[in-house]
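Residue 1191 in my numbering is what sits at position 240 of the sequence shown, and the numbering runs on without skipping anything.
A quick write-up on the structure given underneath.
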Amino acid sequence: MNTMRKLTKINIASIIFAMLLSACGGNGNENISDNFFEEESMMENKHMPSDETRKYKEAESRLADVEVLMRSYNINKSENRFRSLLRLYEELQYEYNDSGMDDEGRRECMILQAKTDSTRAAMETLLKEEFAAMRFPCFSESDQLIQSVQRWPVYLQKGMKLLYTMSTNGNVTMKIFNADAHNTLKTYVGKKKMSDSLEIQNSAIYLIEITPKGSAYIDLNVEKKLSDFDQMEQTEYIRIDTVDCSANDFMAVKVQGIDMKNLFEEPKKITLRSVGKSFFSGTSRAVVTLTVPKGCTDILYSLRISTNEGDINSDGKFNKHAKETYRKIKFLGLPVWESAKTVNTTSLLRELLYNNAPVREEDAYCNVYVFTNQAEAKKFQDGHSPDGLKYNIDLSLMGTQSCNGRIPTKGLSKVYLGFDNERFRYSNYLWLEAISITPKNEYYRVKYSVQQ
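Structure, rendered in structure tokens:
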């Protein structure tokens, strides 16, 4: 009876070994009976201690799992099933302690250990052969329209192999860079279809870049081959940041930005007496001259109107806050500056104004007139009715509370702001800040870093 059981176990180990070799490409029989692992009767405790009995049963169970998973993998050799097979291989170990066993128990454990070891050896052969042929996806684009340079980052470790195919209906240049070392590794010009690979010599972030002439549709598929099982479990995320740089930096991009400068060292503080009080002293009108710097295309101003002459914390910070907003806007997207022809045009400058509106008081308001002619501004200051004066009606504001605005300055050397308090009883106090906007070239680059 014992001899038959021993032979049965040896045959089972041989069948497992043959099945695994068959999965590696051998000629073994793949149609193994569903009863490959038959449930054996419980061993009597007199053959081995209870702890060893438990270990024995767990090892038998793992061998049964090998059979099921191997059948599943042979049907569909997916990456997930391969990963499961690899984990099972790592768990498939069996060693026993023969202390407290009789001869029968030792024979049972010896046979199971031999069976486990032979199965592991066959699985190792299978896993290595399958792993060598496996391709792991990095990213893929299908029928994508590109009209400007496009880049795709991927982190690769030393010993890996990058594989890529690209096809297009247009005229494109494709390059592969080591983004960390700032060097170009491959260049393909004018290829309609191409398929190539790259052996990775250094662990780094790599970039696949495609630049079209005009516009083009592309299909792009990028995969990698790994050099070690451990690389399957490593997951890296690439962080992308936009940073300022100089014109000669790696992959520097030139864009038109803006330079902002204060026209006043500190806010112009203006008192507009009420109409009633101006009969006795002071005036209900004021004119402020804005000198347009060379190259300036626009002036942005911030006007705070109050019935209280006390300063507040935000006074004098219009330029600082506008620069902070500009930096946020340009690094959320690109710092695209647009010289608008009318004050209502949506642009970067309009965003700067929208995000930096002054504090408003419901009971504080006045009229604001924009003059481009000195003589007309002088007439306003001398008390002439605005109805007979030439001023920019599009930029002027009637009965406005605290506000900010934009004045296009093309062809102008000076701009005059006229303020008028038409209220009979209440005086107004004004804080005027103004900054010049001058276009300038700026450079930025995309910075890539690995986040594990």
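The beta carbon of each residue, even a glycine, is placed where N, CA and C say it ideally should be.
On the criterion of 16 or more Cβ atoms from any shown chain inside 10 Å, does Asp1371 qualify as buried, or is it exposed?
Residue numbering aside, residue 1371 sits at position 420 when the sequence shown is read from its first letter. Its Cβ being crowded by 16 or more others within 10 Å, Asp1371 is buried.
Could you tell me if Ile1250 is buried or exposed, where buried requires 16 or more neighbouring beta carbons within 10 angstroms of its beta carbon?
On the sequence shown, residue 1250 is found 299 positions in, with the first residue counted as 1. Under this definition Ile1250 is a buried residue.
Taking a contact to mean a Cβ-Cβ separation below 7 angstroms, would you say Glu1393 touches Gly1208 in this structure?
Within the sequence shown, residue 1393 is the residue found at index 442, counting from 1. Within the sequence shown, residue 1208 is the residue found at index 257, counting from 1. Yes, the Cβ-Cβ distance between Glu1393 and Gly1208 is below 7 angstroms.
My output table needs one value for Ala1308: the three-state DSSP class, helix, strand or coil.
Taking the first residue of the sequence shown as 1, we reach residue 1308 at position 357. In this structure, Ala1308 counts as coil in the three-state DSSP scheme.
Keeping to the same chain, check which residues put their C-beta closer than 8 angstroms to that of Ala964; ignore five residues upstream and five downstream.
Residue 964 sits at position 13 when you count from the first residue of the sequence shown. Here Ala964 scores only 44 on pLDDT, less than 50, and its place in the model is too uncertain to base an answer on.
Do you know offhand how far Ser1387's Cα is from Glu1217's?
Here residue 1387 is taken as the residue at index 436 of the sequence shown, counted from 1. Here residue 1217 is taken as the residue at index 266 of the sequence shown, counted from 1. Approximately 14 angstroms between the Cα atoms of the pair.
How many Å lie between Met1125 and Arg1038 at the Cα?
On the sequence shown, residue 1125 is found 174 positions in, with the first residue counted as 1. On the sequence shown, residue 1038 is found 87 positions in, with the first residue counted as 1. Going by the C-alpha atoms only, they are around 39 angstroms apart.
Hey, Ile1127 and Ile1159: beta-carbon distance below 7 angstroms or not?
Against the sequence shown, residue 1127 aligns to sequence position 176. Against the sequence shown, residue 1159 aligns to sequence position 208. It is a contact, given that the beta carbons lie within the stated cut-off.
Do you know how far the Cα of Asn1379 is from the Cα of Ile1256?
Along the sequence shown, one-based indexing puts residue 1256 at 305. Along the sequence shown, one-based indexing puts residue 1379 at 428. Cα-Cα distance, rounded: 7 angstroms.
Rank Gln1108, Tyr1399 and Glu1059 by C-alpha distance to the C-alpha of Met1046 and give the top, closest one.
Translated into the one-based positions of the sequence shown, residue 1046 becomes position 95. According to the sequence displayed, residue 1046 carries Glu and not Met. Selected option, being the one with the closest Cα: Glu1059.
Can the beta-carbon of Ile1151 be found closer than 7 angstroms to that of Lys1109?
Position 200 of the sequence shown, counting from 1, holds the residue named residue 1151. Position 158 of the sequence shown, counting from 1, holds the residue named residue 1109. It is a contact, given that the beta carbons lie within the stated cut-off.
Note down the Cα distance separating Tyr1320 from Lys1361, rounded to an integer number of angstroms.
Walking along the sequence shown from the start, residue 1320 turns up at place 369. Walking along the sequence shown from the start, residue 1361 turns up at place 410. Using only the alpha carbons, I get a separation of about 18 angstroms.
In the structure shown, what three-state DSSP assignment does Thr1242 receive?
Start at 1 with the first residue of the sequence shown, and residue 1242 comes out as number 291. DSSP places Thr1242 in strand when its eight states are reduced to three.
I'd like the ranges of any alpha helix (DSSP H) spanning at least 4 consecutive residues and lying wholly in the stretch 1315–1345.
For the stretch 1315–1345, whole alpha helix (DSSP H) runs of length 4 or above, ordered along the chain, are 1325–1332.
Do Thr1234 and Ala1315 have their C-beta atoms within less than 7 angstroms of each other?
As a first step, residue 1234 is located in the sequence shown; it is residue number 283 there, counting from the start. As a first step, residue 1315 is located in the sequence shown; it is residue number 364 there, counting from the start. Contact: no.
Where does Asp1049 fall in DSSP's three states?
One-based indexing of the sequence shown puts residue 1049 at position 98. DSSP places Asp1049 in coil when its eight states are reduced to three.
Taking 8 angstroms as the cut-off, does the stretch 1323–1337 touch the stretch 1297–1315 (at least 3 CB pairs, one atom from each stretch)?
The answer is no - the stretch 1323–1337 does not touch the stretch 1297–1315, with fewer than three Cβ pairs under 8 angstroms.
How would you call Met999, buried or exposed, if buried means at least 16 neighbouring beta carbons within 10 angstroms?
The residue you call residue 999 lines up with position 48 of the sequence shown. Counting Cβ neighbours within 10 Å, Met999 comes out buried, since at least 16 surround it.
Ignore the nearest five residues each way along the sequence and tell me which others in Gln1182's own chain have a CB closer than 8 angstroms to its CB.
Working through the sequence shown from its first residue, we reach residue 1182 at position 231. Excluding sequence neighbours, Gln1182 sits near Gln1108 and Met1111.
Report all residues from its chain with a CB closer than 7 angstroms to the CB of Thr1135; omit the five preceding and five following residues, and keep chain order.
Sequence index remark: in the sequence shown, residue 1135 carries index 184 (1-based). So the list reads Lys1126 and Phe1128, once near-sequence residues are dropped.
Any idea what DSSP makes of Val1226, helix, strand or coil?
Working through the sequence shown from its first residue, we reach residue 1226 at position 275. Three-state result, Val1226: helix.
Specify, as a first and last residue, the run of the alpha helix (DSSP H) that Cys1060 falls within.
By 1-based counting over the sequence shown, the position of residue 1060 is 109. Taken as a continuous stretch (DSSP letters only), the alpha helix (DSSP H) holding Cys1060 covers Asp1054 to Ala1084.
Helix, strand or coil: which one does DSSP assign to Ala1132?
For the purposes of this step, residue 1132 is taken as residue 181 along the sequence shown, with counting starting at 1. In this structure, Ala1132 counts as coil in the three-state DSSP scheme.
The alpha helix (DSSP H) spanning Leu1020 covers which residue range?
As a working note, residue 1020 is residue 69 in the sequence shown. Ser1001 to Ile1026 is the span of the alpha helix (DSSP H), which, as asked, contains Leu1020.
Count the CB pairs spanning the stretch 1165–1181 and the stretch 1081–1091 that are closer than 8 angstroms, and state whether there are at least three.
A contact exists between the stretch 1165–1181 and the stretch 1081–1091.
Cutting at 7 angstroms between CB atoms, please list the residues of its own chain near Ala1328, excluding the five before and the five after it.
As a first step, residue 1328 is located in the sequence shown; it is residue number 377 there, counting from the start. Excluding sequence neighbours, Ala1328 sits near Val1238, Phe1322, Tyr1367 and Gly1369.
With a threshold of 6 angstroms on Cβ separation, who are the neighbours of Glu1121 within its own chain once the five nearest residues in sequence on each side are excluded?
Here residue 1121 is taken as the residue at index 170 of the sequence shown, counted from 1. In the sequence on display, residue 1121 carries Gly and not Glu. So the qualifying residues of the chain are Pro1163 and Ala1167.
How would you write the range of the alpha helix (DSSP H) that Ser1035 sits in, first residue to last?
Within the sequence shown, numbered from 1, the residue matching residue 1035 stands at position 84. Note, Ser1035: alpha helix (DSSP H), Glu1030 to Glu1042.
Does the beta carbon of Lys1176 come closer than 7 angstroms to any beta carbon on chain C?
This model lacks chain C altogether, as it is built from one protein chain only.
What are the partner residues of Asn1379, as DSSP defines its beta bridges?
Within the sequence shown, the letter at position 428 stands for residue 1379. Note: Asn1379 sits in a beta bridge opposite Leu1223.
Per DSSP, which one or two residues make a beta bridge with Gly1356?
By one-based count along the sequence shown, residue 1356 stands at place 405. In DSSP, Gly1356 forms a bridge with Tyr1252.
Can you tell me the Cα-Cα spacing of Lys1137 and Pro1309, whole angstroms?
Translated into the one-based positions of the sequence shown, residue 1137 becomes position 186. Translated into the one-based positions of the sequence shown, residue 1309 becomes position 358. Distance between the alpha carbons of Lys1137 and Pro1309: 54 angstroms.
Considering Glu1150, what are the terminal residues of the beta strand (DSSP E) in which it resides?
The count along the sequence shown starts at 1 and reaches residue 1150 at position 199. Unbroken beta strand (DSSP E) run through Glu1150: Lys1144 to Glu1150.
Can you tell me whether Thr1389 is helix, strand or coil according to DSSP?
Here residue 1389 is taken as the residue at index 438 of the sequence shown, counted from 1. Thr1389 falls in the strand class under three-state DSSP.
Would you tell me roughly how many angstroms separate the C-alpha atoms of Pro1286 and Tyr1277, rounded to the nearest one?
Position 335 of the sequence shown, counted from the start, is the residue given in the question as residue 1286. Position 326 of the sequence shown, counted from the start, is the residue given in the question as residue 1277. For Pro1286, the predicted structure reports a pLDDT of 45, less than 50, and the residue's modelled location is therefore unreliable. A value from the coordinates is still provided. Cα to Cα, the separation comes out at about 8 angstroms.
Among Met1211, Ala1155, Leu1214 and Asp1200, which residue has its Cα nearest to the Cα of Ile1189?
Locating residue 1189 in the sequence shown gives position 238, counting from the first residue. Here the closest residue by C-alpha is Ala1155.
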